[in-house]
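Sequential numbering of the sequence shown, starting at 1, is according to this note's numbering.
Ideal Cβ positions, reconstructed from N, Cα and C, are used throughout, including at glycine.
As the structure is a prediction and not an experimental result, all values here were calculated from the model.
Here is the structure we will look at, set down as structure tokens.
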Amino acid sequence: DLAISLLGFWAAFLLRYILDTNFYFNTTNYVILSIVLSVTQVLAFISIDLYHPRRGLAFFDELSVIASGVVLNLLFILSLLFFFRGEVRGESFSRLFIAYYVVTSIVLTAIIHFGFRIFLMRLRERGYNLRNVIIIGTGKTAERITEVIQKHKIYGYNIVGYIKSIARTRVREDFPILGNLKDIEKI
Numbered sequence: 001d002l003a004i005s006l007l008g009f010w011a012a013f014l015l016r017y018i019l020d021t022n023f024y025f026n027t028t029n030y031v032i033l034s035i036v037l038s039v040t041q042v043l044a045f046i047s048i049d050l051y052h053p054r055r056g057l058a059f060f061d062e063l064s065v066i067a068s069g070v071v072l073n074l075l076f077i078l079s080l081l082f083f084f085r086g087e088v089r090g091e092s093f094s095r096l097f098i099a100y101y102v103v104t105s106i107v108l109t110a111i112i113h114f115g116f117r118i119f120l121m122r123l124r125e126r127g128y129n130l131r132n133v134i135i136i137g138t139g140k141t142a143e144r145i146t147e148v149i150q151k152h153k154i155y156g157y158n159i160v161g162y163i164k165s166i167a168r169t170r171v172r173e174d175f176p177i178l179g180n181l182k183d184i185e186k187i
């Protein structure tokens, strides 16, 4: 995400200054700002817990967390710029540039995270990056849990089998009963 933030910064820089050549700017100050923005972007993502496992969440939920992190970073940077009266080392930063940065950062981060989700989905289809699950119980609830896990293979859960809590027959023939509830420590 640090590299994505840097890429978003320089994409915004190109949009703002290279396409419109009527402006003078100090490149050194923008290099410093790019490093500060990128580091604070990662810190903002850490503070809103973007990096915890997101196996069960929809991409839209992750997109809203990404946007929240970028806005949190924006508020932090704007407060710093306010503290320095909008100038750092005699350089006043363009508000349009900052708006471009917010948009490019959200879009690029979302694209990379979506691509990473696709990559993980492909790995899970091949049997990698799976979490083994043992379902306790053999009743209707266990049957519903099995159906949901089987229906949503993208989450990467692999059902190993069932543990009987009461004397009952199999829920499904494709998964074994591994034992009784009293044998759970051995299993």
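Take residue i as the anchor and find which of the options has the nearest alpha-carbon.
i, options, result
"residue 34", "47, 48 and 11", "11"
"residue 48", "1, 38, 72 and 113", "72"
"residue 134", "111, 125, 17 and 180", "180"
"residue 106", "139, 143 and 42", "42"
"residue 29", "94, 40 and 129", "94"
"residue 176", "152, 154, 65 and 142", "142"
Is the beta carbon of residue j closer than 7 Å to that of residue i?
i, j, result
"residue 108", "residue 7", "yes"
"residue 189", "residue 75", "In the structure as shown, the chain starts at 1 and stops at 187, and residue 189 therefore has no counterpart that could be examined."
"residue 157", "residue 149", "yes"
"residue 37", "residue 13", "no"
"residue 137", "residue 165", "yes"
"residue 187", "residue 178", "yes"
"residue 69", "residue 44", "yes"
"residue 65", "residue 50", "yes"
Between the C-alpha atoms of residue i and residue j, what's the straight-line distance to the nearest angstrom?
i, j, result
"residue 15", "residue 27", "15 Å"
"residue 121", "residue 111", "15 Å"
"residue 131", "residue 32", "43 Å"
"residue 78", "residue 52", "27 Å"
"residue 82", "residue 1", "26 Å"
"residue 174", "residue 4", "44 Å"
"residue 147", "residue 116", "26 Å"
"residue 59", "residue 118", "11 Å"
"residue 154", "residue 17", "42 Å"
"residue 113", "residue 61", "12 Å"
"residue 123", "residue 67", "27 Å"
"residue 189", "residue 96", "It is not possible to answer for residue 189, since the shown part of the chain is limited to 1 through 187."
"residue 139", "residue 39", "51 Å"
Specify the secondary structure class of residue i as computed by DSSP and reduced to three states.
i, result
"residue 6", "helix"
"residue 181", "helix"
"residue 214", "Outside the displayed span of the chain (1 to 187) sits residue 214, for which this structure offers no information."
"residue 144", "helix"
"residue 132", "strand"
"residue 153", "helix"
"residue 163", "strand"
Using a Cβ-Cβ cut-off of 7 Å, state whether residue i counts as contacting chain D.
i, result
"residue 155", "Chain labels in this structure do not include chain D; a single protein chain is all it has."
Could I get the ranges of all uninterrupted alpha helix (DSSP H) runs contained in the region 59–124, with 4 residues as the minimum, in chain order? Listed in chain order, the complete alpha helix (DSSP H) runs (minimum 4 residues) inside the region 59–124 are 59–83.
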